[in-house]
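Presented below is the structure to which this report refers.
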Amino acid sequence: MRASLLATAVLVSLLALTVSLMPFGATAEDAAAPADTVDGRAATVPSPPSTPPPSPAGPETPPETLPAASTGTGATPATSAASARSGASARSADPGPDPEPQGTATPTAPAGAPPAAAPVAGCTVRYDLAGQWPDGFQAAVSVTTADALDSWQVAWTFPDGQRVDRMWDASHTQDGSRVTATAADYNRSVPAGATLTFGFLATWHDGNTPPHDFTLNGRDCA
283 MRASLLATAV LVSLLALTVS LMPFGATAED AAAPADTVDG RAATVPSPPS TPPPSPAGPE
343 TPPETLPAAS TGTGATPATS AASARSGASA RSADPGPDPE PQGTATPTAP AGAPPAAAPV
403 AGCTVRYDLA GQWPDGFQAA VSVTTADALD SWQVAWTFPD GQRVDRMWDA SHTQDGSRVT
463 ATAADYNRSV PAGATLTFGF LATWHDGNTP PHDFTLNGRD CA
């Protein structure tokens, strides 16, 4: 009898403990049933969609655009900044042209270089002493010209003070030791490569060295 009462007390205690652990207002059947049930059937909970639902229909708002920079080219600040960065990169990659040399070098002729050759004379002269006597002589002058002449004058210098007395095929003047022969009217024209000739009589005293410094119309002759 005592054992039966003890067993009954234990059962009551276990029942009371079970009831105390159950949620308020729930029965033991409710505790045993799944949480998501409707009318004793398990409810299916839909999983969330993988993509967000579309927004309500309405007019689309255009994306905001940045105002163009006031450069007159219509480029945006972002484009201008990108262009500036690319330009800076190009300048850093390209060192630019070599600097211009300062000043110019003037070539100089090497020391001891021979002088430039004199131009070829346009005429050649032949002086012939035809005859000589104690106080006089006779001579002839022949001049070959490279150019055609409409008129001519031949001049020379006597080294020993000789004096011309008479001349043919030309007229003459003498100033000190310098003699000038001028063409006559009939022989003033001379074609290129031709030779003009005239002669004269002259006096001498201390010597009769041939003349020098022949010129034709002011040009030196060989």
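Residues in the sequence shown are numbered from 283 upward in steps of one, following the working numbering.
Note that CB positions come from ideal geometry on N, CA and C, so glycine has one too.
What separation, rounded to the nearest whole angstrom, lies between the Cα atoms of residue i and residue j?
i, j, result
"A465", "F496", "15 Å"
"L261", "G443", "Examination of residue 261 is not possible in this model, given that the chain is present from 283 through 504 alone."
"D502", "L431", "15 Å"
"D417", "H487", "6 Å"
"A474", "Q420", "28 Å"
"H494", "T462", "12 Å"
"D467", "R460", "23 Å"
"L287", "V294", "11 Å"
"M449", "A504", "23 Å"
"S471", "L498", "13 Å"
"L299", "V292", "11 Å"
"F480", "W434", "12 Å"
"D429", "V423", "18 Å"
"V425", "A476", "8 Å"
"H454", "V407", "17 Å"
"L411", "R445", "14 Å"
"G489", "G458", "16 Å"
Would you give the residue range spanned by the beta strand (DSSP E) that residue i belongs to?
i, result
"Q435", "435–439"
"R448", "445–450"
"H494", "494–498"
"D410", "405–415"
"L478", "477–485"
"S424", "418–427"
Please name the residue, chosen from the options, that lies closest to residue i on a Cα-to-Cα basis.
i, options, result
"L483", "D447, T491, V472", "D447"
"T506", "C503, G500, P441", "Missing from the structure shown is residue 506; the chain here goes from 283 to 504 and no further."
"T439", "A452, Q456, A504", "Q456"
"A452", "N469, T427, R445", "N469"
"T491", "L299, Y409, A298, L296", "Y409"
May I ask you to list the residues that DSSP assigns as paired with residue i?
i, result
"V472", "L431"
"A463", "V436, H454"
Less than 8 Å between the CB atoms is what I'm expecting for residue i and residue j, so what's the real figure, rounded?
i, j, result
"G404", "T427", "7 Å"
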